[in-house]
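**Q**
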Amino acid sequence: MPFDRPERLAVLPPYLFIDIDRKKRAAIAAGKDVIDFGVGDPDRPTPKFIIDRMAQAIYDAKNHKYPFDTGVPEFRLVAAAFFKKRFGVTLDPQKEIIALIGSKEGLGHLPLAVINPGKVGLIPTPGYPVYNAATIFAGGVPYEMPLSEQNGFLPDLAAIPADVLDRTALMFVNYPNNPTGAVAPLDFYERCVHLAKKHDFIICSDAPYTETYFDENDRPHSIMEVPGAMDVAIEMHSLSKTFNMTGWRVAFAVGHPEVLASLAKVKGNMDSGVFGAIQHAAITAMEGIDRPEVAEIRRIYKERRDALVPMLNKYGFATELPRATFFVWSKCPEGYGSMECASKLLEEAAIVAIPGIGFGKAADKYVRFALTVEKERIAAAQSRLAGIKW
Ligand SMILES: Cc1ncc(COP(=O)(O)O)c(C=O)c1O
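If you're matching positions, the sequence shown starts at 8 in my numbering and goes up one per residue.
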């Protein structure tokens, strides 16, 4: 029987990383020593103190049952304590925090909880592809907000037409930003909150990289620091990058209680929450936010950043030092589109970078390097970059 793929899948943009992925596999199969800056997944293991807690929790039979779907009370209490200490924001752990099976899960389900079919979802581009896909799955209409270098990779809020704003149900913002590495100043969040109140929409601040910063005196903000944000915003935080826990699937959302209740209702019909043992390991992780093992994760990315960025600038890629995230966003050498640039890097230097076009048309002059590569390998990239004629 022929299978008719539903329209909502057919309208998703093509997966543009596939071409580079295919070339990477071919290079590896041909015996090339590939240096892979493509993978946005921490290369180091989860710190041992978290694994040790998991090892205990997994034997506790209480954790073998269906988990509490919005998170065990202690998970929410500890997340609230983290939020208070880090951002100075007081949250009600009962109503203003829910556990997520990774922030991707929360982002994927959120539009079903917030967007009526035909209403607009404002999507940053370049951006994490889930915002667009989830808006479409909910029957929403994505409207792209370009992030340009001139505007500090922040969307130009004044450029969004009033009739679009009036049809908007949800706006996604993501800082520290994947893929550009940009960090949002607090006054940007203030302007978002003001706009959302004026036009009556909800903001989702996707913030999995707030703890991947490089300067203790320049720590990223939370939108929840803005007075009145609780009336219009939720924010998603993840343990994935902060603690090298991408595979564990645990995160949490904070903010507007009715939006969280609506998200919990969607989730209640789709999943049954985060595995209890993982929630207990996550509690230990969050309680350990100030431990040296966590600072060491940041130190390693900073060391790699400081090795890679000057090298890229020397060999034709205009690149700013990112203040947060483990991404380096580089302008392709003059005259190159991102796909052509990434192909040349791979073919002539066996270096993998992600072409910007994969994150949206607005990013076709850029490639993304992830700092998930050991510093010795970054050093080895130097002579290869030097050998390319652009
Ligand atoms: C901007 C952004 N949001 C969300 C996620 C998903 O993270 P999680 O592991 O919490 O699902 C990622 C992962 O790469 C990301 O880059």
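Even glycine gets a Cβ: it sits at the ideal position worked out from N, Cα and C.
Report the CB separation of N251 from I304 in whole angstroms; it is logged as a contact under 8 Å.
**A** The residue labelled residue 251 in the question sits at position 244 within the sequence shown. The residue labelled residue 304 in the question sits at position 297 within the sequence shown. With 8 Å as the limit, N251 and I304 qualify as a contact, their Cβ atoms being about 6 Å apart.
**Q** Quick check on I122: buried or exposed, where buried means 16 or more other Cβ atoms within 10 Å of its Cβ?
**A** Walking along the sequence shown from the start, residue 122 turns up at place 115. The residue is buried, with at least 16 neighbouring Cβ atoms inside 10 Å.
**Q** If you draw a straight line from the C-alpha of G398 to the C-alpha of E14, how long is it?
**A** With the chain covering only 8 through 397, there is no way to say anything about residue 398.
**Q** How would you label S390, buried or exposed, when you count the other beta carbons within 10 angstroms and need 16 or more for buried?
**A** Mapped onto the sequence shown, residue 390 falls at position 383. Classification for S390: exposed.
**Q** Please report the straight-line C-alpha distance between A377 and I35, rounded to a whole angstrom.
**A** As a first step, residue 377 must be located in the sequence shown, where it is residue number 370. As a first step, residue 35 must be located in the sequence shown, where it is residue number 28. Cα to Cα, the separation comes out at about 19 Å.
**Q** Hey, how far is the Cα of P21 from the Cα of D28?
**A** Position 14 of the sequence shown holds residue 21. Position 21 of the sequence shown holds residue 28. A straight line joining the alpha-carbon of P21 with that of D28 spans about 14 Å.
**Q** Could you tell me which residues DSSP puts in a beta bridge with G128?
**A** Here residue 128 refers to the residue found at position 121 when the sequence shown is read from its first residue. Residue pairing from DSSP places G128 in a beta bridge opposite P149 and L177.
**Q** Nearest-angstrom Cα distance between I395 and R384?
**A** Translated into the one-based positions of the sequence shown, residue 395 becomes position 388. Translated into the one-based positions of the sequence shown, residue 384 becomes position 377. Distance between the alpha carbons of I395 and R384: 17 Å.
**Q** Is any heavy atom in ligand 1 found nearer than 7 Å to the beta carbon of P329?
**A** What you label residue 329 is simply residue 322 of the sequence shown in a count that begins at 1. No, since every heavy atom of ligand 1 falls outside the 7 Å radius drawn around the Cβ of P329.
**Q** I want to check one thing, is the minimum distance from the CB of K274 to the heavy atoms of ligand 1 below 7 Å?
**A** Here residue 274 corresponds to residue number 267 of the sequence shown, with the count starting at 1. It does not: the Cβ of K274 is nowhere closer than 7 Å to a heavy atom of ligand 1.
**Q** Quick check: V398 and T175, are their CB atoms within less than 8 Å of each other?
**A** Past the boundaries of the shown model lies residue 398; the chain is included only from 8 to 397, so the question cannot be answered.
**Q** Taking buried to mean at least 16 other C-beta atoms within 10 Å of its own C-beta, is V190 buried or exposed?
**A** On the sequence shown, position 183 is the one that residue 190 refers to. The residue in question, V190, is buried, as its Cβ has 16 or more Cβ neighbours within 10 Å.
**Q** From the DSSP output, in three-state form, read off G466 for me.
**A** This structure leaves residue 466 out entirely; the chain is present only between 8 and 397.
**Q** Please state if the CB of P186 and the CB of M152 are separated by a distance shorter than 8 Å.
**A** Numbered from its first residue, the sequence shown carries residue 152 at position 145. Numbered from its first residue, the sequence shown carries residue 186 at position 179. No.
**Q** Okay, do the stretch 52-68 and the stretch 260-267 touch, 3+ Cβ pairs below 8 Å being the bar?
**A** no
**Q** Roughly how far, in whole angstroms, is the beta-carbon of A271 from the beta-carbon of I105, given that I think they are within contact range, below 8 Å?
**A** Your numbering for residue 271 matches position 264 in the sequence shown. Your numbering for residue 105 matches position 98 in the sequence shown. Confirmed, about 6 Å.
**Q** Any heavy atom of ligand 1 closer than 7 Å to the Cβ of A258?
**A** Here residue 258 corresponds to residue number 251 of the sequence shown, with the count starting at 1. Under cutoff, so the answer is yes.
**Q** Which residues does DSSP pair with V335 in a beta bridge?
**A** In the sequence shown, residue 335 corresponds to position 328, counting from 1. F376.
**Q** Would you report the Cα separation of A325 and I167, rounded to the nearest angstrom?
**A** As a first step, residue 325 is located in the sequence shown; it is residue number 318 there, counting from the start. As a first step, residue 167 is located in the sequence shown; it is residue number 160 there, counting from the start. Cα-Cα distance, rounded: 29 Å.
**Q** If we require 4 or more residues per run, which alpha helix (DSSP H) segments fall completely within the stretch 77-125?
**A** 80-94 and 110-121
**Q** Check whether the stretch 67-81 and the stretch 192-208 are in contact - that is, three or more C-beta pairs closer than 8 Å.
**A** no
**Q** Kindly list the residues whose CB is nearer than 7 Å to the CB of A360, restricted to its own chain and excluding five residues on each side of it in sequence; keep chain order.
**A** Within the sequence shown, numbered from 1, the residue matching residue 360 stands at position 353. Excluding positions up to five away in sequence, the list reads F44, G45, A349, L352, V374, R375 and F376.
**Q** T97: buried (16+ other C-beta within 10 angstroms of its C-beta) or exposed?
**A** Within the sequence shown, numbered from 1, the residue matching residue 97 stands at position 90. Of the other Cβ atoms in all chains shown, fewer than 16 fall within 10 Å of the Cβ of T97; this residue is therefore exposed.
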